[in-house]
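Undergrad: Supplied in structure tokens, the structure appears directly below.
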Amino acid sequence: MALIPPDVRQWLTEQGEGEELSLEGVGGGCIHQASRLRTAAGGSYFLKTNPDPPPGIFSAEAAGLRALQVPEGPKAPDVILVGEKFLLLEDLQPGPRRGDFWSVYGRQLAQVHRQSSPRFGFDEDTFIGASPQLNGWMENGLDFFRERRLAPQIRWARDRGLLSSADLRSCQKLLDRLGDILPEQPAVLLHGDLWSGNLITDHAGNPALIDPAVYYGWAEADLAMTDLFGRYPDSFFDVYLESNPLQSGFRERFPLYNLYHLLNHLNLFGRSYLPRVSEVLRKFS
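Start counting the sequence shown at 8; every next residue gets the next number (the numbering used here).
The following block contains the structure:
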């Protein structure tokens, strides 16, 4: 069970919350310990801790959550306190999904994707899972996807001996022809890690997003991950596309965007992800 960091105890005292009544572990995370902290004054908070985190991972998550607090967008938990080894957040106390959940979420995510930037990247590097995510600003989206997303993951996989020489040749062919496959698109605000586990609800059953890996990039790349580990229903896309139309053939491009995430999983979890990486390389290189 996680311990309450001294800075959190001090903050609770200053806020008049009194003693903590309970610290209950919450499942679902694979990097940090997650707990629900309840206090004598009736407060409830969500606490993440890690005794040895990658440096800056909690401040990066806090920056992402703040960026996602877009008017008319999905709920993102308020950041209350952040330290090198902890993050204290608003407790959303998830409830059952409302009946029109997917339609509401479609409109809300489209609103996030309307937040634009003249450049691709973010003010700071973030993390995709436990891996660094490089966000240095670039003018061109193809260059950004090539140099800030695919190329670093390919290098890490090469250095770990996870990709064969044939795989590496296919990767290079793909990097060389990205411009033939991917259309020009504007830079918009992305959650960055939209697998199903990062879409939850608040207490009223409204859509809420957690664990972001934010940057300004292509909306198609954000939506692609909704197809990687599960799939959003058509009712979501029907409403989303009414609010934020995409270029034709966007679904056919999803596997290419997801190569970034598959390479990341290959680097984090090993060769079980290699067949899926190889499948994408065969299709697009």
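In this text, a Cβ means the ideal position worked out from N, Cα and C, and glycines have one as well.
(1) Alpha carbon to alpha carbon, what distance is there between V15 and E21?
(2) Just the Cα atoms here: how many angstroms apart are V33 and G256?
(3) List the whole-angstrom C-beta distance separating Y223 from G128, where the pair is believed to meet the contact cut-off of C-beta under 8 Å.
(4) What are the boundary residues of the alpha helix (DSSP H) that includes P139?
(5) I need the boundaries of the alpha helix (DSSP H) containing L370, first residue and last residue.
(6) On the three-pair Cβ rule with 8 Å, is the stretch 159-170 touching the stretch 97-104?
(7) Could you tell me the alpha carbon to alpha carbon distance between D59 and K92, rounded to whole angstroms?
(8) Can you check the stretch 192-236 for any beta strand (DSSP E) of at least 3 residues that lies completely inside it and give the ranges in chain order?
(9) Report buried or exposed for C37, applying the criterion of at least 16 other Cβ atoms within 10 angstroms of its Cβ.
(10) Tell me the rounded alpha-carbon separation between Q40 and E68.
(11) Who are the Cβ neighbours of Q115 in its own chain at under 7 Å, not counting the five residues just before and after it?
(12) So the beta strand (DSSP E) R165 belongs to, where does it begin and stop?
(13) Quick check on DSSP: helix, strand or coil for K180?
(14) According to the Cβ coordinates, are P219 and G199 closer than 8 Å?
(15) What three-state label does DSSP hand F51 in the structure shown?
(16) Using alpha carbons as the reference points, say which of V77, L72, V89 and F152 lies closest to R63.
(17) From this set, F243, A74 and G71, which residue's C-alpha is nearest G106's C-alpha?
(18) Out of F291, F276 and L273, state which residue places its alpha-carbon closest to the alpha-carbon of L263.
(19) Compare the C-alpha of M232 against each of V246, Q254, S250 and E259 and name the closest.
(20) So L275 packs on V287, CB below 8 Å; how close in whole Å?
(21) What's the C-alpha gap between R225 and P12?
(22) Residue range of the beta strand (DSSP E) that E21 falls in?
(23) Quick check: G136 and N271, are their CB atoms within less than 8 Å of each other?
(24) Is the beta carbon of R126 closer than 8 Å to that of A194?
TA: Checking against the coordinates, here is how it stands:
(1) Those two C-alpha atoms are separated by around 10 Å.
(2) Approximately 39 Å, taken between the alpha carbons.
(3) Contact between Y223 and G128 holds: CB atoms are separated by about 6 Å, below the 8 Å threshold.
(4) No alpha helix (DSSP H) holds P139; the beta strand (DSSP E) holding it covers S138 to Q140.
(5) As displayed, the chain neither begins before 8 nor continues past 292, which places residue 370 out of reach and without an answer.
(6) These segments do not touch.
(7) Spanning the alpha carbons of D59 and K92 requires a straight line of approximately 7 Å.
(8) 194-197, 206-208, 214-216 and 222-224, all fully within the stretch 192-236.
(9) If you draw a 10 Å sphere on the C-beta of C37, you find fewer than 16 other C-beta atoms in it, and that means exposed.
(10) The straight-line gap from Cα to Cα measures roughly 15 Å.
(11) These residues qualify, in order along the chain: E79, G80, P81 and P214.
(12) Element bounds for R165: not the beta strand (DSSP E) but the alpha helix (DSSP H), A158 to D166.
(13) DSSP, read as helix, strand or coil, puts K180 in helix.
(14) Yes, these two residues count as a Cβ contact at 8 Å.
(15) A quick correction: the sequence has Ser, not Phe, at residue 51. The answer is strand: DSSP assigns S51 an E or B state.
(16) One point to set straight first is that residue 63 is Gly, not Arg, in the sequence displayed. Ranking the options by Cα distance to G63, first place goes to V89.
(17) When each option's Cα is compared against that of G106, the closest is F243.
(18) Of the candidates F291, F276 and L273, the one whose C-alpha sits nearest the C-alpha of L263 is F291.
(19) The residue with the shortest Cα to Cα distance from M232 is E259.
(20) The C-beta separation of L275 from V287 comes to about 17 Å, leaving the pair out of contact by the 8 Å criterion.
(21) At residue 225 the sequence reads Trp, which differs from the Arg that was named. Using only the alpha carbons, I get a separation of about 38 Å.
(22) Per DSSP, E21 lies in no beta strand (DSSP E); the unbroken alpha helix (DSSP H) holding it starts and ends at P13 to E21.
(23) Yes, these two residues count as a Cβ contact at 8 Å.
(24) Contact flag set, yes.
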